[in-house]
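Asker: Take a look at this one; I'll ask things after.
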Amino acid sequence: KYKPQLYIRDGCASFPAVNAAGEITGGLKGTKDIEGCEKAPLGSQMYGRSTWYQDKWAMMYAWYFPKNFRGYRAKKRHDWASIVLWIDNPAVEMPKILGASLSQQTLKPGKLAFIQMGERNHESYQKMTQLPPMAFVGTKAIPHTRIDGTYHDLIMWEQLTDAAREGLNTADFEETKVPFNENNFEAMLEQAWPF
Numbered sequence: 001k002y003k004p005q006l007y008i009r010d011g012c013a014s015f016p017a018v019n020a021a022g023e024i025t026g027g028l029k030g031t032k033d034i035e036g037c038e039k040a041p042l043g044s045q046m047y048g049r050s051t052w053y054q055d056k057w058a059m060m061y062a063w064y065f066p067k068n069f070r071g072y073r074a075k076k077r078h079d080w081a082s083i084v085l086w087i088d089n090p091a092v093e094m095p096k097i098l099g100a101s102l103s104q105q106t107l108k109p110g111k112l113a114f115i116q117m118g119e120r121n122h123e124s125y126q127k128m129t130q131l132p133p134m135a136f137v138g139t140k141a142i143p144h145t146r147i148d149g150t151y152h153d154l155i156m157w158e159q160l161t162d163a164a165r166e167g168l169n170t171a172d173f174e175e176t177k178v179p180f181n182e183n184n185f186e187a188m189l190e191q192a193w194p195f
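Position 120 (the sequence shown) corresponds to 120 in UniProt numbering; numbering is contiguous.
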């Protein structure tokens with residue numbers, strides 16, 4: 001019902017991160033910018049997980065990208081981006097959207113390869129309780145946009161095989177974290193809390 005669209009202006013398409021056997025993608029070398037990642041050969045995916053957090057229903061949506069970008073330049077393998085949509089109650093006929101939190105890269109400031117204009121936001125999520133249209137732009141962070149994106153196949157945490165969940169729980173994605181796995185989900189919701 002609340003599945004977000006993904007608009008990619010610059011950067012890689014989202015790729016599957018894991019298969020049913022629990023095998024994790026190796027990503028792509030962080031060179032040659034978007035070469036090799038403009039389209040996902042096996043199709044793009046979006047992962048989801050939801051739960052009650054404090055007194056709100058939290059729905060996290062996450063995308064995996066095979067390259068990590070700094071500015072518009074590919075620098076490393078692997079990137080994860082996510083949003084958390086906060087609603088009042090999924091069981092009522094017309095749930096109310098209360099807010100959204102859009103992930104930001106949480107890199108050390110010294111590792112940024114471009115000049116920031118204005119203050120750097122060191123929080124993991126951009127938080128808001130009044131919602132503009134939003135979608136994903138690039139692979140650095142998730143800002144909102146007024147441009148329509150694409151819906152991707154949504155795979156919920158509970159729909160993954162045991163092997164796939166175990167793979168996501170134990171995989172090393174280098175500098176980026178799987179936001180919805182057992183190790184990170186609760187901490188990411190805490191960081192994303194906008195109220």
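All residues carry an ideal CB built from backbone N, CA and C; glycine is no exception.
Starting from the Cα of residue 162, find the closest Cα among 63, 61, 177, 182 and give me that residue.
Answerer: Position 162 of the sequence shown, counted from the first residue, corresponds to residue 162. Among 63, 61, 177, 182, the Cα nearest to that of residue 162 is on 182.
Asker: Hey, residue 189 and residue 62: beta-carbon distance below 7 Å or not?
Answerer: As a first step, residue 189 must be located in the sequence shown, where it is residue number 189. As a first step, residue 62 must be located in the sequence shown, where it is residue number 62. No, Cβ-Cβ distance for residue 189 and residue 62 is not below 7 Å.
Asker: Given a threshold of 16 other Cβ atoms within 10 Å of its Cβ, counted over all protein chains shown, does residue 151 qualify as buried or as exposed?
Answerer: Along the sequence shown, one-based indexing puts residue 151 at 151. It is exposed - the Cβ of residue 151 has fewer than 16 other Cβ atoms within 10 Å.
Asker: Following the continuous alpha helix (DSSP H) through residue 188, name the residue where it begins and the one where it ends.
Answerer: One-based indexing of the sequence shown puts residue 188 at position 188. First-last of the alpha helix (DSSP H) with residue 188: 185 to 192.
Asker: So for residue 196, helix, strand or coil by DSSP?
Answerer: Residue 196 lies beyond the stretch modelled for the chain, which goes from 1 to 195, so this question has no answer here.
Asker: Please state the DSSP three-state secondary structure of residue 68.
Answerer: As a first step, residue 68 must be located in the sequence shown, where it is residue number 68. If DSSP states are grouped into helix, strand and coil, residue 68 belongs with the strands.
Asker: Got a sec, what are the start and stop residues for the beta strand (DSSP E) residue 98 sits in?
Answerer: Taking the sequence shown and counting its residues from 1, the one referred to as residue 98 is at position 98. From DSSP, the beta strand (DSSP E) with residue 98 extends over 97 to 103.
Asker: Which two residues bound the contiguous beta strand (DSSP E) that contains residue 94?
Answerer: By one-based count along the sequence shown, residue 94 stands at place 94. Note, residue 94: premise wrong, no beta strand (DSSP E); not H, not E.
Asker: Taking 7 Å as the threshold (C-beta atoms), are residue 154 and residue 48 in contact?
Answerer: Reading the sequence shown from its first residue, position 48 is the one you call residue 48. Reading the sequence shown from its first residue, position 154 is the one you call residue 154. Yes, Cβ-Cβ distance for residue 48 and residue 154 is below 7 Å.
Asker: Would you mind sorting residue 115 into buried or exposed? The rule is 16 or more other CB atoms within 10 Å of its CB.
Answerer: The residue you call residue 115 lines up with position 115 of the sequence shown. Residue placement at residue 115 is poorly supported in this model, since its pLDDT is 28, which falls under 50; the coordinates are not used for a value here.
Asker: Using CA atoms only, rank isn't needed, just tell me which of 77, 8, 184, 159 is closest to residue 32.
Answerer: Position 32 of the sequence shown holds residue 32. The shortest Cα separation from residue 32 among 77, 8, 184, 159 belongs to 77.
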